[in-house]
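Right, one structure below, let's go through it.
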Amino acid sequence: MTQYLDTADGRRLAYNATPGKGPGVVFLGGFKSDMTGTKALYLEDWAKQAGRSFLRFDYSGHGDSSGLFEDGAIGDWAADARAVIEAQTDGPQVLVGSSMGGWIALLLARAMPQRVAGLVTIAAAPDFSEQGYWAGFSEDQRRVVMEQGRIELPSEYDDQPYIITRRLIEDGRHQLVMNQPLPLPFPVRLLQGTADEDVPMQWALDLLDHAKGDDIRLSLVKGADHRFSTPECLDLIVRSVEDVLG
């Protein structure tokens, strides 16, 4: 059953918490996605069968949480994730971050390493506002963002365009993780599809090279796309979580 957390920042966040043994597992969704996606629900079913505590939630401006998507930025959503984790979990957690959720998982690992038991990322997109959107914009698009405060881009995933705001770009520059040391002193499993058209495979290789830790592995799945939601991909996510927990 969906419950709600009112945060110190004045945001109301929707979440679903499954009780069970620890370390728990927390799912961190992607940009403009919500906690009812295939991967989140598949992991929840696995956690129930395994008796493992599990948490999924919506960032502000996403799903059933308060706020407008275009008002948010990476720093807000990382703060949302931290608030829900601190309020609804005990002890270290395994963070499973999909796409933008991978970036947020890395921010949490930097901000609260004592609460992270391990990390599984799926097509992690660290610094995507800068190395994805801003780097890919034309001069005209950059001018629109800076002068008008926003630009609308078509989405492959629904009828509504992605609204990329000046605030998203500028806030993102304060949240970068690939431009400074990134210690990950716990088990880390990076998962990436070779046919992902949203997050280049090179980003996964760059993250593997950049992060520092004794137990970091990257699995490339030939032909997998950004959704990473085929039965084989879902099974690999669960096996990676079990590997980290083991």
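Numbering (full-length UniProt numbering), first residue to last: 1 to 246.
For glycine and all other residues, C-beta sits at the position ideal for the given N, C-alpha and C.
> Between A87 and the rest of its own chain, which residues show a CB-CB distance below 7 Å, the 5 nearest in sequence each way excluded?
Replying inline: L5.
> Given that a residue counts as buried once 16 or more other Cβ atoms are within 10 Å of its Cβ, and exposed if not, what is N16?
Replying inline: Label assigned to N16: buried.
> How many angstroms separate the CA atom of Y133 from the CA atom of V25?
Replying inline: Y133 and V25 have their C-alpha atoms spaced approximately 30 Å apart.
> If we ignore side chains and look at the alpha-carbon of each, how far apart do S33 and D127 end up?
Replying inline: If you take the alpha carbons of S33 and D127, they lie about 18 Å apart.
> Counting along the chain, where does the beta strand (DSSP E) carrying L28 start and finish?
Replying inline: Element bounds for L28: 21–28.
> Which residues bound the alpha helix (DSSP H) around Q202?
Replying inline: Its alpha helix (DSSP H) spans residues 201–210.
> Is DSSP giving Q219 helix, strand or coil here?
Replying inline: Sequence inspection shows Ser at residue 219; the Gln mentioned does not correspond to that position. It is a strand residue.
> To the nearest whole angstrom, what separates the beta carbons of S66 and R115, a pair I think is in contact under 8 Å?
Replying inline: With a Cβ gap of about 24 Å, S66 and R115 do not count as contacting.
>> Following a CB-centred definition, is R166 positioned closer than 7 Å to any heavy atom of the ligand FAD?
In response: Only the bare structure without any ligand can be found here, which leaves the ligand FAD out of the picture.
> Roughly how many angstroms separate the alpha carbons of G61 and G29, rounded to a whole number?
Replying inline: Approximately 13 Å, taken between the alpha carbons.
> Going straight from the alpha carbon of A125 to that of T38, what length do you get?
Replying inline: Taking the straight line from one Cα to the other gives about 19 Å.
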